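In this text, residue positions in the sequence shown follow the working numbering: the first is 225, and each later residue adds one.
Heads up, the beta-carbon is just placed ideally off N, CA and C, and yes, glycines get one too.
In this text, all values refer to a predicted model and were calculated from it rather than measured experimentally.
This report refers to the structure that appears directly beneath it.
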Amino acid sequence: MDGQELQKVANEYATELPDVTFEHRVGPNWELYKVGGKVFMLMTDMPGHPVVILKADPDEAVGLREQYAEITTGYHMDKKHWITAAGGPSLDENLVKELVTDSYRLVVDKLPKSKRPVDPSTNPAA
Numbered sequence: 225m226d227g228q229e230l231q232k233v234a235n236e237y238a239t240e241l242p243d244v245t246f247e248h249r250v251g252p253n254w255e256l257y258k259v260g261g262k263v264f265m266l267m268t269d270m271p272g273h274p275v276v277i278l279k280a281d282p283d284e285a286v287g288l289r290e291q292y293a294e295i296t297t298g299y300h301m302d303k304k305h306w307i308t309a310a311g312g313p314s315l316d317e318n319l320v321k322e323l324v325t326d327s328y329r330l331v332v333d334k335l336p337k338s339k340r341p342v343d344p345s346t347n348p349a350a
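Structure below.
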C-alpha cells in the first residue's frame with residue numbers, strides 16, 4: 225500500500241466513526257481528525273511521502289515499530305504515545321483500519337463519559 229492509498233483508507237474509515245470532525249490546516253499542510261474536540265489522527269506529507277499519525281498505547285507502539293518498518297515514532301508528536309505510518313509493502317487495509325480504531329478508542333476512553341459517542345470497549349464502526 226503506497227502513502228496515498230494509506231491516507232485514502234485512513235480518511236474514509238475515520239470519517240465513518242461516530243462524532244468525528246475534520247479540520248484542514250494550511251502552512252504547514254495538516255489534516256486533523258477529532259472526536260470530542262480531541263485529536264486522534266493527523267495526516268500530512270513528510271518530505272517526499274504522505275503519512276498518517278495516530279495515537280497508540282505505548283506498549284503496543286513499541287511492538288508495531290518493531291514489526292513494521294513503515295511504522296515509526298510520531299512525527300512532531302509525543303514519541304511514546306503517537307506513531308507515524310508511511311506507505312509500504314507490509315501495511316494493508318485491515319491493519320490501517322485497526323490502527324485508526326485503536327487511536328479513536330484511546331481518545332474516546334479519556335473523554336468524560338457524558339461526551340463519549342461510543343463505549344470505547346466496543347467496535348465504534350459497528
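(request) Report the residue from T245, M301, S338, S314 whose alpha carbon sits nearest the alpha carbon of T268. (result) When each option's Cα is compared against that of T268, the closest is M301.
(message) Using C-beta distances below 7 Å, list every residue in its chain close to A310, excluding the 5 sequence neighbours before and after it, in chain order.
(response) Annotation for A310: G227, H273, V275, E294 place their beta carbon closer than 7 Å to its own, counting only its chain and skipping 5 residues before and after.
(request) Can you have a look at A350 and say buried or exposed, based on whether 16 or more other CB atoms are within 10 angstroms of its CB? (result) Residue placement at A350 is poorly supported in this model, since its pLDDT is 49, which falls under 50; the coordinates still yield a value, given next. For A350, the number of other beta carbons within 10 angstroms of its own is below 16, and it is reported as exposed.
(message) Using only the alpha-carbon positions, how far apart do S338 and L330 sit?
(response) A straight-line Cα-Cα distance of about 16 Å links S338 and L330.
(request) Rank Q291, N318, L266 by C-alpha distance to the C-alpha of Y299 and give the top, closest one. (result) When Q291, N318, L266 are compared, the shortest CA-CA separation from Y299 is found for L266.
(message) So, for V263: in the same chain, excluding its five sequence neighbours on each side, which residues have a beta-carbon less than 6 Å away from its beta-carbon?
(response) L256, listed in sequence order.
(message) Looking at P328: is its Cβ nearer than 9 Å to the Cβ of V244?
(response) Pro is not the amino acid found at residue 328; the sequence shown has Tyr there. Contact: yes.
(request) Assign Q291 to one of two classes, buried (16 or more other C-beta atoms within 10 Å of its C-beta) or exposed (fewer than that). (result) Label assigned to Q291: exposed.
(message) Rounded to whole angstroms, what is the Cα-Cα separation between G312 and M225?
(response) C-alpha of G312 to C-alpha of M225: approximately 5 Å in a straight line.
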